[in-house]
Amino acid sequence: MSSVPAIRQSAGAGAARAARRARPNVGGYERRPGIVTYVLLGVALLVGIAPIYYTLLLGSSDPVAIAQSPLPQIFPDASLFQKFGEVMNSNAFDFWQAFRNSLIVSTVTAASTVLFSTLAGFSFSKLNFRGRRPLLVFVIATMAVPTQLGVIPLYIIMAKMQWVGTLQAVIVPALVTAFGVFWMTQYLEEALPYELVEAARVDGASMFRTFWSIAMPAARPAAAMLALFTFVTQWTNFFWPSIVLNQTNPTLPVALRLLQANYFVDYSLVMAGVFIVTLPLIILFVFAGRQLVAGIMAGAVKG
Numbered sequence: 001m002s003s004v005p006a007i008r009q010s011a012g013a014g015a016a017r018a019a020r021r022a023r024p025n026v027g028g029y030e031r032r033p034g035i036v037t038y039v040l041l042g043v044a045l046l047v048g049i050a051p052i053y054y055t056l057l058l059g060s061s062d063p064v065a066i067a068q069s070p071l072p073q074i075f076p077d078a079s080l081f082q083k084f085g086e087v088m089n090s091n092a093f094d095f096w097q098a099f100r101n102s103l104i105v106s107t108v109t110a111a112s113t114v115l116f117s118t119l120a121g122f123s124f125s126k127l128n129f130r131g132r133r134p135l136l137v138f139v140i141a142t143m144a145v146p147t148q149l150g151v152i153p154l155y156i157i158m159a160k161m162q163w164v165g166t167l168q169a170v171i172v173p174a175l176v177t178a179f180g181v182f183w184m185t186q187y188l189e190e191a192l193p194y195e196l197v198e199a200a201r202v203d204g205a206s207m208f209r210t211f212w213s214i215a216m217p218a219a220r221p222a223a224a225m226l227a228l229f230t231f232v233t234q235w236t237n238f239f240w241p242s243i244v245l246n247q248t249n250p251t252l253p254v255a256l257r258l259l260q261a262n263y264f265v266d267y268s269l270v271m272a273g274v275f276i277v278t279l280p281l282i283i284l285f286v287f288a289g290r291q292l293v294a295g296i297m298a299g300a301v302k303g
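Residue numbering for the sequence shown follows full-length UniProt numbering, beginning at 1 and increasing consecutively.
See below:
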């Protein structure tokens, strides 16, 4: 049977629509979503945005009202923008310095994680060397080790190198992750044929040229997903930066802690700060959400 695009070219749009209506539904892939699907998607959307909306409500509320009721009002009011201004002009920390620090840490770690994880994934999936499988198993096994177990030795190393209080102490331990190596290995195992690598080597390409010109383009969907996840993880990371950074050089999540006074916590001000920290991630997902979904689906199919 001819395909719909071929019918459109030969017989016009009307014949293509008729062919599309007459085409049998194989495996249910072309079935239009029903009302139940839209209802479930609407419920999922409401559940997803509910925490963000609740943050806006608390950010525009009076601290006394928050203490009296968990839902002080139904809609946010204009005082929310006043709280945004108080956060950005706070005397407790330099907001734009914290914003710049978060941007530097998230961008550098996302780029390095993609590069090093793709290099490792290419090596584990396409190169034959002694101890390849045991080494890959060891890398995967490190994902089972809780982060808290490595805090003390890692802090001692940072102190020995005199990096405590600097961004290097946050960036260097996050340059590559075991999850990134595992993810790129699994993806390149299926997405990059051995024949393509061997053809590049026969043509005289070096190993790095083969990686850069053959493996990197093939890994682009998975690399985009890994970069987005790494950026979000580092942007919201609080545990390790709160230990190794001080009050004069914080990232945004660490700086929010400085909004709390010793004996009184203005939760409306803190919630306004939480929304400001979350807002760049919302913008990022709006513009890069399609690439993220494509990367996840590609990994699901290839894996």
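For glycine and all other residues, C-beta sits at the position ideal for the given N, C-alpha and C.
Just so it is clear, the structure is predicted and the values come from calculations on it, not from any experiment.
Sub-9 Å separation of residue i and residue j beta-carbons
| i | j | result |
| --- | --- | --- |
| residue 249 | residue 113 | no |
| residue 252 | residue 240 | no |
| residue 213 | residue 222 | no |
| residue 181 | residue 149 | no |
| residue 83 | residue 59 | yes |
| residue 244 | residue 170 | yes |
| residue 74 | residue 275 | no |
| residue 284 | residue 269 | no |
| residue 255 | residue 116 | no |
| residue 72 | residue 65 | yes |
| residue 95 | residue 143 | no |
| residue 154 | residue 173 | yes |
| residue 267 | residue 134 | no |
Straight-line Cα distance separating residue j from residue i
| i | j | result |
| --- | --- | --- |
| residue 26 | residue 230 | Residue placement at residue 26 is poorly supported in this model, since its pLDDT is 49, which falls under 50; the coordinates are not used for a value here. |
| residue 183 | residue 227 | 12 Å |
| residue 191 | residue 175 | 24 Å |
| residue 237 | residue 159 | 20 Å |
| residue 279 | residue 208 | 39 Å |
| residue 272 | residue 264 | 16 Å |
| residue 34 | residue 110 | 39 Å |
| residue 193 | residue 141 | 27 Å |
| residue 219 | residue 118 | 8 Å |
| residue 197 | residue 126 | 8 Å |
| residue 288 | residue 233 | 16 Å |
| residue 320 | residue 215 | Lying outside 1 to 303, the shown extent of the chain, residue 320 is not represented and no answer is given. |
| residue 98 | residue 76 | 26 Å |
| residue 102 | residue 32 | 43 Å |
| residue 128 | residue 86 | 58 Å |
| residue 38 | residue 57 | 27 Å |
| residue 104 | residue 36 | 44 Å |
| residue 42 | residue 69 | 28 Å |
| residue 164 | residue 55 | 33 Å |
| residue 157 | residue 168 | 12 Å |
| residue 200 | residue 217 | 14 Å |
| residue 48 | residue 161 | 42 Å |
| residue 108 | residue 195 | 33 Å |
| residue 50 | residue 242 | 27 Å |
Buried versus exposed call for residue i [16 or more other C-beta atoms within 10 Å across all chains shown]
| i | result |
| --- | --- |
| residue 210 | buried |
| residue 106 | buried |
| residue 67 | exposed |
| residue 80 | buried |
| residue 246 | exposed |
| residue 124 | buried |
| residue 139 | buried |
| residue 225 | buried |
| residue 91 | exposed |
| residue 89 | exposed |
| residue 202 | exposed |
| residue 61 | buried |
| residue 290 | exposed |
| residue 185 | buried |
| residue 177 | buried |
Simplified DSSP assignment, three categories, for residue i
| i | result |
| --- | --- |
| residue 238 | coil |
| residue 55 | helix |
| residue 233 | helix |
| residue 95 | helix |
| residue 265 | coil |
| residue 260 | coil |
| residue 61 | coil |
| residue 249 | coil |
| residue 318 | Residue 318 lies beyond the stretch modelled for the chain, which goes from 1 to 303, so this question has no answer here. |
| residue 305 | Only positions 1 to 303 of the chain appear in this structure, which leaves residue 305 out of reach. |
| residue 26 | Note that residue 26 has pLDDT 49, beneath the 50 cutoff, so the model's placement of it is unreliable and the number below is only indicative. Reduced to three states, the DSSP call for residue 26 is coil. |
| residue 71 | coil |
| residue 101 | helix |
| residue 289 | helix |
Any chain D beta carbon closer than 9 Å to residue i
| i | result |
| --- | --- |
| residue 201 | Considering every chain present, this structure includes no chain D. It has just one protein chain. |
Notebook entry, point to check: Whole alpha helix (DSSP H) runs in the segment 133-218 with 4 or more residues, listed along the chain?
Noted result: 151-160, 168-171, 178-191, 194-202 and 207-210
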